[in-house]
Amino acid sequence: MTLAQRALERLQAWPDLMVGPASCGTGRALRSVRDEIVHFHSPRDVDLHLTRRAIQRFHYDLAGSSAIHLLHGSCWVTVHLDCEADVDLLMSLVSIALKAQQTPPADDGEPLLAGCNFHRVTVLPRDAVAGG
73 MTLAQRALER
83 LQAWPDLMVG
93 PASCGTGRAL
103 RSVRDEIVHF
113 HSPRDVDLHL
123 TRRAIQRFHY
133 DLAGSSAIHL
143 LHGSCWVTVH
153 LDCEADVDLL
163 MSLVSIALKA
173 QQTPPADDGE
183 PLLAGCNFHR
193 VTVLPRDAVA
203 GG
């Protein structure tokens, strides 16, 4: 079982999430009553709809993680699952995303990229990033 499959299985048990096809056309999605929260695109790559406000609030921590990939102008983050700790991180971020989705979005005038980050983010293995 891949890490993404394990994460999907764990998240399917959450009462606030429902499974369906991802609106981007690739993979499975988990959605709340209000919106899609998570897209599982591959055995290791997951896009998470955190909202702009949550990304701004946690930007320093998100940018410091080798598992998280941010894309300017997107309210989604890409999580690369390399180990169980990354799955645990995803679980925590999904909880934050669910909470963030309960607050109406702030209109700060900046345009948002439509849809998730699929095909917009290239994730390199951590060994390649570290030069090893």
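Under the working numbering, the residues of the sequence shown are numbered 73 to 204, in order.
Glycine included, C-beta positions come from ideal geometry on N, C-alpha and C.
Three-state secondary structure (DSSP) of residue i
i	result
Asp133	helix
Met163	helix
Asp276	The displayed coordinates of the chain run from 73 to 204. Any statement about residue 276 would go beyond what the structure contains.
Arg100	strand
Phe153	Looking at the sequence shown, residue 153 is not Phe but Leu. In this structure, Leu153 counts as coil in the three-state DSSP scheme.
Val201	Residue confidence for Val201 is low, a pLDDT of 49 falling below 50, so the modelled location carries little weight and cannot support an answer.
Pro183	Its pLDDT being 49, under 50, Pro183 is placed unreliably by the model, and the measurement read from it follows with that caveat. Pro183 falls in the coil class under three-state DSSP.
Leu122	coil
Within 7 Å, strictly: CB atoms of residue i and residue j
i	j	result
Asp158	Ala139	yes
Gln173	Arg124	no
Ala169	Leu134	no
Ala76	Leu153	yes
Leu80	Phe112	yes
Cys188	Asp119	yes
Pro68	Thr74	With the chain running from 73 to 204 in the structure shown, residue 68 is simply not present.
Chain-order list of residues whose beta-carbon lies under 7 Å from that of residue i (same chain, five-residue window excluded)
i	result
Gly92	Ala101, Arg103
Arg82	Met163
Gln84	Val91
Same chain, Cβ closer than 6 Å to residue i, five either side skipped, listed in chain order
i	result
Ser167	none
Met90	Arg103
Leu165	Leu120
Unbroken alpha helix (DSSP H) run spanning residue i, endpoints
i	result
Arg106	Neither: Arg106 is in no alpha helix (DSSP H) and is coded neither H nor E.
First and last residue of the uninterrupted beta strand (DSSP E) at residue i
i	result
Leu80	Per DSSP, Leu80 belongs to no beta strand (DSSP E); it is in the alpha helix (DSSP H), 75-84.
His141	140-142
Gly145	Looking at the DSSP string, Gly145 is not in any beta strand (DSSP E), and its letter there is neither H nor E.
| message | With three or more beta-carbon pairs closer than 8 Å as the criterion, would you say the segment 97-104 touches the segment 139-151? | response | Look at the beta carbons and you see the segment 97-104 not touching the segment 139-151: under three pairs across the two are nearer than 8 Å.
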